[in-house]
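*Asks:* The structure follows.
Residue numbers (this note's numbering), protein chains in the order written: chain A, 1 to 237; chain B, 1 to 237.
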């Protein structure tokens, strides 16, 4: 055995981190339930979008907003560690946007989203919305633990990332409702197996709905819009 | 103001998390320094590879190991949340590998790597190595805070992820020595600006060395091997 092992100190600190983390998660969960009521009182349903950086969340949003047009009243909460870049891209589509920069934290949490909801309402005359997209910080791991008060949680994995991602990040998929495989126009250029991605995701979460999308080419966008339609009908019906 | 705000509770728990996190980081840093001595006593230099999932860390390692052949004695520590998949891929290249699964944690830490070092030594007759690659958990944020005892920290961003990543994840770049832009063979298919990626990365960290690589096509691999050569010469010279 090596006598330079710091595991003991580490184990003690880790136990305390786990305890404090659990109390933080409990506080987050409490606020998340309040957010859900808050969102419903605004007349809306909310979608929490989770993926690695660069999986195409903002691009999908841009194309989705173009297709929605004035059909629904949409608001967007953008989560990023730094910069207003994503909010600037969405703002060009003419919808209310709130940029939340976490200043280092690798995920949004329910109190931050609560501020975001008020920020959206400040940009609306009647404070009411049909659909709120919450684009989480680009990270396939950390955001999965934090309920934001959403009604639907969507995980995106793009073709260039590889079809082994569901198997390697199972807990992220456990809490999701829908799995979007994005950038499917790139399938000819990558060793990505749609069968493997689907199979592993369904093994982890048999109820998961899976869609294949290439937003810039329009592939799968009709199914995605129909999915949103169904979500709004179920929640508001 | 909204009376359903849970910020107070949250603020208190957050303060405690910060305190405990700081003590955990201090314990990690202590172990990291021990790891660095441990690695040097093994005759080796260590490289900590950080990127999002699917940026090409394992693929780069596979091609790098093929090129190194028997020139240097290499060991690999593979960090993943779950599965032995990456270790299985590397094992086929005939080098000692230790797979560490973090069981949910989004990064390796120094105590885990310390176990990995012993695992590598158990697979070697004399316990000595020239070069140790530590492939961190796929995550562009969390691993940046944890020194593992490495001598060089490398950040990978692949072309499909987008050239805005340095600007959006600055703290990850602050602590790195080298920035690898990977999958450059895909530049014709993506709206990725090498100039933007370079400029933003150098704005954050002016001393950063930047290499462009497409491991499967061999593009940039000579420069990458020369870079490793220089690293070993400086450390062992």
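Every residue, glycine too, gets a C-beta built ideally from N, C-alpha and C.
1) Tell me where the beta strand (DSSP E) around residue 211 of chain A begins and ends.
2) Find out if the Cβ-Cβ distance for the pair residue 73 of chain B, residue 128 of chain B is shorter than 8 Å.
3) Which same chain residues, not among the five before or five after residue 169 of chain A, have their C-beta less than 6 Å away from its C-beta?
4) Should residue 28 of chain B and residue 110 of chain B be called a contact, given that it needs their Cβ atoms to be closer than 8 Å?
5) If I measure Cβ to Cβ from residue 177 of chain B and keep anything under 6 Å in the same chain, skipping five residues before and after, which residues do I get?
6) Consider the Cβ of residue 167 of chain B: report whether some Cβ of chain A lies at a distance smaller than 8 Å.
7) Would you say residue 130 of chain B and residue 226 of chain B are within 8 Å of each other, going by their C-beta atoms?
8) Quick one: does residue 54 of chain B have its CB under 8 Å from some CB of chain A?
9) Measuring CB atoms only, is the stretch 160 to 168 of chain A touching the stretch 180 to 196 of chain A, in the sense that at least three cross pairs come out at less than 8 Å?
10) Helix, strand or coil for residue 156 of chain B per DSSP?
11) Count the other C-beta atoms from every protein chain shown that fall within 10 angstroms of the C-beta of residue 121 of chain A, then say buried if there are 16 or more, exposed otherwise.
12) Could you tell me whether any Cβ in chain D is nearer than 8 Å to the Cβ of residue 88 of chain B?
13) Can you tell me which of the three DSSP states residue 7 of chain A falls into?
14) In three-state terms, what does DSSP make of residue 75 of chain A?
15) Give the range of the alpha helix (DSSP H) segment to which residue 98 of chain A is assigned.
16) Please return the same chain residues whose Cβ sits closer than 6 Å to the Cβ of residue 116 of chain A, not counting the five positions on each side in sequence.
17) Look at the Cβ atom of residue 135 of chain B, then the Cβ atom of residue 58 of chain B, and state whether they are nearer than 8 Å.
18) Can you have a look at residue 37 of chain A and say buried or exposed, based on whether 16 or more other CB atoms are within 10 angstroms of its CB?
19) For my contact list, residue 239 of chain B and residue 56 of chain B are in at a C-beta cut-off of 8 Å; report their separation, rounded to the angstrom.
20) Select from the stretch 75 to 86 of chain B all residues with a C-beta closer than 9 Å to any C-beta belonging to chain A, and list them in chain order.
21) Give me the chain A residues within the contact set of residue 158 of chain B, using Cβ-Cβ distance strictly less than 9 Å, ordered along the chain.
22) Where does residue 51 of chain B sit, in a helix, a strand or coil, going by DSSP?
23) For chain B, is any of its Cβ atoms less than 8 Å away from the one on residue 217 of chain A?
24) Does the beta carbon of residue 9 of chain A sit closer than 8 Å to a beta carbon anywhere in chain B?
25) With DSSP collapsed to three states, give me the class of residue 46 of chain A.
26) For residue 140 of chain B, which residues in chain A fall below 8 Å Cβ to Cβ?
27) Could you spell out where the beta strand (DSSP E) holding residue 62 of chain B opens and where it closes?
28) Can you check which of these residues, B:47, B:35, B:62, is closest to residue 179 of chain B by C-alpha distance?
29) Could you check how far apart the C-beta atoms of residue 210 of chain B and residue 198 of chain B are, in whole angstroms? I think they sit under 8 Å.
30) I'd like to check one pair, residue 102 of chain A with residue 81 of chain A: are the Cβ atoms closer than 8 Å?
31) What residues of chain A sit near residue 239 of chain B, judged by a beta carbon separation below 8 Å?
32) Under 8 Å between beta-carbons, which chain B residues line up against residue 189 of chain A? List them in chain order, please.
33) From residue 32 of chain A to residue 108 of chain A, what distance separates their C-alpha atoms?
34) Comparing the C-beta of residue 229 of chain A with each C-beta of chain B, is any distance below 8 Å?
35) Please state whether DSSP places residue 199 of chain B in a helix, a strand or coil.
36) Any idea if residue 158 of chain A is buried or exposed, counting beta-carbon neighbours within 10 angstroms, 16 or more meaning buried?
*Replies:* A quick look at the data gives this:
1) Boundaries of the beta strand (DSSP E) around residue 211 of chain A: 209 to 213.
2) Contact annotation: residue 73 of chain B and residue 128 of chain B have beta-carbon atoms nearer than 8 Å.
3) Exclusion of the five residues before and after residue 169 of chain A leaves 140 as the residues of its chain whose Cβ lies within less than 6 Å of its Cβ.
4) The beta carbons of residue 28 of chain B and residue 110 of chain B sit closer together than 8 Å.
5) 152, 153.
6) Output row for residue 167 of chain B: interface = yes.
7) Against a cut-off of 8 Å, the Cβ pair of residue 226 of chain B and residue 130 of chain B comes out as no contact.
8) Yes, residue 54 of chain B lies at the interface with chain A (some Cβ there is under 8 Å from its Cβ).
9) Contact between the stretch 160 to 168 of chain A and the stretch 180 to 196 of chain A is present: 3 or more CB-CB pairs across the two stretches fall below 8 Å.
10) Under the three-state reduction of DSSP, residue 156 of chain B is assigned to strand.
11) Buried, because 16 or more other Cβ atoms sit within 10 Å of the Cβ of residue 121 of chain A.
12) No chain D is present in this structure, whose protein chains are A and B.
13) Low confidence applies here, because residue 7 of chain A scores a pLDDT of 35, under 50, leaving its location unreliable; read the following figure in that light. Reduced to three states, the DSSP call for residue 7 of chain A is helix.
14) DSSP places residue 75 of chain A in strand when its eight states are reduced to three.
15) Element bounds for residue 98 of chain A: not the alpha helix (DSSP H) but the beta strand (DSSP E), 97 to 101.
16) Only residues of its own chain outside the window of five on either side were considered, and among them 77, 98, 100 have a CB closer than 6 Å to the CB of residue 116 of chain A, listed in chain order.
17) Yes, they are a contact pair.
18) Exposed: under 16 other Cβ atoms inside 10 Å.
19) Absent from the model: residue 239 of chain B. The displayed extent of chain B is 1 to 237, so no value can be given.
20) Listed by position along the chain: 80, 81, 82, 83, 85, 86.
21) Ordered by position in chain A, the residues that pass the 9 Å Cβ test against residue 158 of chain B are 54, 160, 161.
22) In the three-state reduction of the DSSP assignment, residue 51 of chain B falls in the strand class.
23) Interface criterion not met: the Cβ of residue 217 of chain A is under 8 Å from no Cβ in chain B.
24) With a pLDDT of 41 at residue 9 of chain A, under the threshold of 50, the modelled position of this residue cannot be trusted, and the question is left open.
25) Residue state, collapsed to three classes: strand.
26) Neighbours of residue 140 of chain B across chain A, judged by C-beta separation under 8 Å: 52, 53, 138, 139.
27) That residue, residue 62 of chain B, is in no beta strand (DSSP E); its alpha helix (DSSP H) goes 57 to 68.
28) The residue from B:47, B:35, B:62 with its alpha-carbon nearest to that of residue 179 of chain B is B:47.
29) With 8 Å as the limit, residue 210 of chain B and residue 198 of chain B qualify as a contact, their Cβ atoms being about 6 Å apart.
30) The beta carbons of residue 81 of chain A and residue 102 of chain A sit closer together than 8 Å.
31) Past the boundaries of the shown model lies residue 239 of chain B; chain B is included only from 1 to 237, so the question cannot be answered.
32) One finds 186, 189 in chain B with Cβ atoms closer than 8 Å to the Cβ of residue 189 of chain A, taken in chain order.
33) Taking the straight line from one Cα to the other gives about 11 Å.
34) So, not an interface residue.
35) Residue state, collapsed to three classes: helix.
36) For residue 158 of chain A, the number of other beta carbons within 10 angstroms of its own is at least 16, and it is reported as buried.
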